[in-house]
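I have placed the structure first, in the form of structure tokens, so that the comments after it can refer back to it.
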Amino acid sequence: DACLRYEIDKGLGGREPGSAPEFVAACHVYSPSLEIFQAGFGAARPGIAADVANYTDIAPIVQFSEIVEA
199 DACLRYEIDK GLGGREPGSA PEFVAACHVY SPSLEIFQAG FGAARPGIAA
249 DVANYTDIAP IVQFSEIVEA
């Protein structure tokens, strides 16, 4: 599977007490490799991107990362 699991975080606050969070939310998708994720996500990308507009007008920021220590 391209998606082993996912997590969704909700931003609660920023660096200073009482300040706004830097991000409203973050979604972490765990996959065996970047290549497997990209192959599995490719066909679904247009539908997912279009669906984002149903929930927010904030432009998503995409980053690919690797877990270096668990």
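Last residue of the sequence shown: 268 (my numbering), numbering continuous.
In this text, a Cβ means the ideal position worked out from N, Cα and C, and glycines have one as well.
Three or more Cβ pairs closer than 8 angstroms define a contact, and the stretch 204–224 falls short of that threshold against the stretch 234–253. With 16 or more other Cβ atoms from the protein chains shown falling within 10 Å of its own Cβ, Ser229 counts as buried. Residue state for Val266 is assigned as coil, using DSSP reduced to three classes.
Excluding residues up to 5 positions away in sequence, Ala200 lie with their Cβ nearer than 6 angstroms to the Cβ of Gly238 in the same chain. Following the DSSP letters along the chain, one finds Arg203 inside the beta strand (DSSP E) bounded by residues Arg203 to Lys208. In the displayed model, Val250 falls within a helix according to three-state DSSP.
Judged by their CB atoms, His226 and Ile256 are not nearer to each other than the 9 angstroms cut-off.
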